[in-house]
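2 protein chains.
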Amino acid sequence: MILSRTSQYAVQALIYMATQPSASPVLNKDIAAKLGVPAPYLAKILQSLAKGNLLFSFRGRLGGFCLREGGDKINLMQILLLTEGPMFTQSCLLGLKECSDETACPLHSRWIPAKKKIMDLLEDTTLDKLAKAVESGKYRLADSPGHLFEHLRA
Amino acid sequence: MILSRTSQYAVQALIYMATQPSASPVLNKDIAAKLGVPAPYLAKILQSLAKGNLLFSFRGRLGGFCLREGGDKINLMQILLLTEGPMFTQSCLLGLKECSDETACPLHSRWIPAKKKIMDLLEDTTLDKLAKAVESGKYRLADSPGHLFEHLRA
DNA sequence: GGATATTCGGACAAGTTTGTTTTATATTGT
DNA sequence: ACAATATAAAACAAACTTGTCCGAATATCC
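Top line first, the protein sequences correspond to chains A and B.
With our numbering, letter number 59 in the first sequence gets 59, and the count goes up by one each step, no holes.
With our numbering, letter number 92 in the second sequence gets 92, and the count goes up by one each step, no holes.
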C-alpha cells in the first residue's frame, strides 16, 4: 500500500472540503458521513492537520473546520508531509537509512526516476483540481456512492 | 512507506542469494547475519517464499534455501505479489475498493501513469541485474557495511 | 542407530496503526 | 445564566505488523 489509511482519509476529507462553500466551517461529522469513515478517527486526523497549519478549527456552535488557504494553494505533497511524516520524500525502496547517490542500494538508480514522477504528481495536484473533478460528477471520493447523495434527502 | 518491512527483507534476501553460488543451499542464519535483520523473522519470510514456489527449502544438515529458478527468471514483481499480496497491483491511491477506468477516484487518471512506471520497473528488474550491481561493489544491500564483509574475517 | 544441524510450524510477545469512548473546553443562541 | 453544539485531548481497545521462542520433523555424518 502506498499511503496509510490516515493519509487516504486526510486527502479525501480535504478534497471534500474544497468542494464546499468556504464561507462556513465544515463539520467533522458531515465529512465522516459523506466519506463513510469513522468520525472520531477522522476528527483526530483533522486536528493534526489544523496543528500543521493546513486547517482552521472553530469550537462551539457554528464551529467546524475550514481550509486555511484556497484549494488552489494546497497540493497533495503538503498534506502527505503532515500525515506520513517528513521522511516521506526520502525513502529508499529497500528501507536503507542511508541511500543517497554516493552510497546507494542496487535499486537506487532505477527507483529515483519513478519516485520523481510520483513526487511531481503530488506537487502538481492541488485540491482545487481534484475538487473540480469531483464536482464534474465523473469521479467520486468514497466507495459506496449512496453516502455522496445524502444531502439530497430533503 | 512504499513497501512493508517484510517485502524489504524478502527482496534483500533474494538479491543476496542471487550473489551466492547456486550449487549449495544458503542458510537463513547467514542471510540474516549479512543483512543485519532478525533471523527468526527472516526465516518465516523465506518459508512463505518457499510456499509461493520462489524458493526450494531443504531441512537437516546441509539444508538451507535455494532459488527455484535462475536469478534472471525472477523479477521484483513476483516477489512483491507474494509478500504484499495480490491486491498490490490494483491499489487506488485513495484506498477505494472500486476504482477502475469507468468509476474512478479523482486522482485515477493522474495516478495510472505513475503507477505504470513503477510496475514496469518492478517487472523489468530481475535478481540477476541487482546481484551484479551488488557484486560490482558500487551498491550495498544493508545499512551497516560491517556486516557485508564479515566473511573476510578468517 | 545416535549426534548434529537445519528448516518447519505454531504459539507467543511487542509495537504500531487504526478505531472508540469519555471528558473537558469553547462558542453561540435563548 | 443556561442549554445546545462543536472541537480538543487523552485514555482505552482492537487489529495488524513485526519480532521471538520452542518443540517437532528431517536430513547428513559418524
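Every residue, glycine too, gets a C-beta built ideally from N, C-alpha and C.
These numbers were taken from a predicted model, which means no experiment stands behind them.
Below 8 Å on the Cβ atoms is my contact criterion, and I expect Ala-114 of chain A with Ile-118 of chain B to pass it. Report the Cβ-Cβ distance as a whole number of Å. The count along the first sequence starts at 1 and reaches residue 114 of chain A at position 114. The count along the second sequence starts at 1 and reaches residue 118 of chain B at position 118. With a contact defined as Cβ atoms closer than 8 Å, Ala-114 of chain A and Ile-118 of chain B qualify at about 5 Å.
Excluding sequence positions up to five away, which residues of its chain have a Cβ less than 7 Å from the Cβ of Gly-52 of chain A? Walking along the first sequence from the start, residue 52 of chain A turns up at place 52. Excluding sequence neighbours, Gly-52 of chain A sits near Leu-82.
Helix, strand or coil: which one does DSSP assign to Val-26 of chain A? On the first sequence, position 26 is the one that residue 26 of chain A refers to. Strand, per DSSP.
Under 8 Å between C-beta atoms, does Gln-90 of chain A make it to chain B? By 1-based counting over the first sequence, the position of residue 90 of chain A is 90. No, Gln-90 of chain A does not count as interfacial toward chain B.
Does DSSP put Ser-57 of chain B in a helix, a strand or coil? As a working note, residue 57 of chain B is residue 57 in the second sequence. Looking at Ser-57 of chain B - three-state DSSP - the assignment turns out to be strand.
Nearest chain B C-beta to Tyr-16 of chain A closer than 8 Å, yes or no? Reading the first sequence from its first residue, position 16 is the one you call residue 16 of chain A. False, the Cβ-Cβ gap to chain B never drops below 8 Å.
Under a Cβ-count criterion, where at least 16 other Cβ atoms within 10 Å of its own Cβ denotes burial, should Ser-136 of chain B be classed as buried or exposed? For the purposes of this step, residue 136 of chain B is identified with residue 136 of the second sequence, where counting begins at 1. Ser-136 of chain B should be labelled exposed.
Quick check: what's the CA-CA separation for Ala-142 of chain A versus Met-17 of chain A? The sequence position of residue 142 of chain A within the first sequence is 142, counting from 1. The sequence position of residue 17 of chain A within the first sequence is 17, counting from 1. Answer to the nearest angstrom: the Cα atoms are 14 Å apart.
Coil, strand or helix - Ala-177 of chain A by DSSP: The requested residue 177 of chain A is not part of the displayed model; chain A covers only 1 to 154.
Output, in sequence order along the chain, the residues in the region 100 to 111 of chain A whose CB is closer than 8 Å to any CB in chain B. Thr-103, Ala-104, Cys-105, Pro-106, Leu-107, His-108, Arg-110 and Trp-111
Using only the alpha-carbon positions, how far apart do Ser-22 of chain B and Arg-5 of chain A sit? Working through the second sequence from its first residue, we reach residue 22 of chain B at position 22. Working through the first sequence from its first residue, we reach residue 5 of chain A at position 5. If you take the alpha carbons of Ser-22 of chain B and Arg-5 of chain A, they lie about 41 Å apart.
Closer than 7 Å by C-beta to Gln-20 of chain A: which residues in its own chain qualify, once you throw out the five before and the five after it? Chain order, please. Mapped onto the first sequence, residue 20 of chain A falls at position 20. Here the set comprises Val-26.
May I ask you to list, following chain order, the residues of the region 33 to 49 of chain B that have a beta carbon less than 8 Å from some beta carbon of chain A? none
Looking at the structure shown, is Thr-83 of chain B part of a helix, part of a strand, or coil, going by DSSP? For the purposes of this step, residue 83 of chain B is taken as the residue at position 83 of the second sequence. Three-state result, Thr-83 of chain B: helix.
Less than 8 Å separating the beta-carbons of Leu-121 of chain A and Arg-110 of chain B? The residue given as residue 121 of chain A occupies position 121 in the first sequence. The residue given as residue 110 of chain B occupies position 110 in the second sequence. Yes.
Could you check if Pro-38 of chain B is buried or exposed, using at least 16 other CB atoms within 10 Å of its CB as the buried criterion? Residue 38 of chain B sits at position 38 when you count from the first residue of the second sequence. Counting Cβ neighbours within 10 Å, Pro-38 of chain B comes out exposed, since fewer than 16 surround it.
For the alpha helix (DSSP H) containing Leu-121 of chain A, name the first residue and the last one. To locate residue 121 of chain A, count along the first sequence from 1; it is residue 121. From DSSP, the alpha helix (DSSP H) with Leu-121 of chain A extends over 108 to 124.
Show which residues of chain B have a CB atom less than 8 Å away from the CB atom of Ile-2 of chain A. Working through the first sequence from its first residue, we reach residue 2 of chain A at position 2. Ile-2, Ser-91 and Leu-93, listed in chain order.
Rounded to whole angstroms, what is the Cα-Cα separation between Ile-79 of chain B and Gln-47 of chain B? As a position in the second sequence, residue 79 of chain B is number 79, starting the count at 1. As a position in the second sequence, residue 47 of chain B is number 47, starting the count at 1. When rounded, the distance between both Cα atoms is 13 Å.
Here's the rule: buried if 16 or more other CB atoms are within 10 angstroms of the residue's CB, otherwise exposed. What is Leu-107 of chain A? As a first step, residue 107 of chain A must be located in the first sequence, where it is residue number 107. Answer is buried; the Cβ neighbour count reaches 16.
To which residues of the same chain is Leu-49 of chain A closer than 7 Å at the C-beta, ignoring the five residues directly before and after it? Residue numbering aside, residue 49 of chain A sits at position 49 when the first sequence is read from its first letter. Scanning its chain for C-beta atoms nearer than 7 Å, with the 5 sequence neighbours on each side dropped, one finds around Leu-49 of chain A the residues Ala-10, Leu-55 and Leu-82, in chain order.
Can you grab the Cα-Cα spacing for the pair Lys-97 of chain B / Met-87 of chain A, in whole Å? By 1-based counting over the second sequence, the position of residue 97 of chain B is 97. By 1-based counting over the first sequence, the position of residue 87 of chain A is 87. So the two alpha carbons sit approximately 27 Å from each other.
Starting from Val-134 of chain A, find everything on chain B with Cβ-Cβ shorter than 7 Å and list it in chain order. What you label residue 134 of chain A is simply residue 134 of the first sequence in a count that begins at 1. The contacting residues are Pro-106.
Through-space distance from Thr-103 of chain A to Asp-128 of chain B, alpha-carbon basis: Counting from one through the second sequence, the residue named residue 128 of chain B turns up at place 128. Counting from one through the first sequence, the residue named residue 103 of chain A turns up at place 103. The alpha-carbon separation between Asp-128 of chain B and Thr-103 of chain A amounts to approximately 20 Å.
As assigned by DSSP and simplified to three states, the class of Ala-104 of chain B: By 1-based counting over the second sequence, the position of residue 104 of chain B is 104. In this structure, DSSP gives Ala-104 of chain B an extended state, which the three-state scheme calls strand.
Distance between beta carbons of Thr-126 of chain B and Gly-71 of chain B, contact taken as under 8 Å: On the second sequence, residue 71 of chain B is found 71 positions in, with the first residue counted as 1. On the second sequence, residue 126 of chain B is found 126 positions in, with the first residue counted as 1. Indeed, because the Cβ distance is near 6 Å, the residues count as touching under 8 Å.
Residues near Glu-131 of chain B by beta carbon distance below 7 Å, same chain, minus five either side: Indexing the second sequence from 1 puts residue 131 of chain B at position 131. According to the sequence shown, residue 131 of chain B is Ala rather than Glu. Once the five neighbours on either side are set aside, the close Cβ partners of Ala-131 of chain B are Ile-15, Ala-18, Thr-19 and Gly-71.
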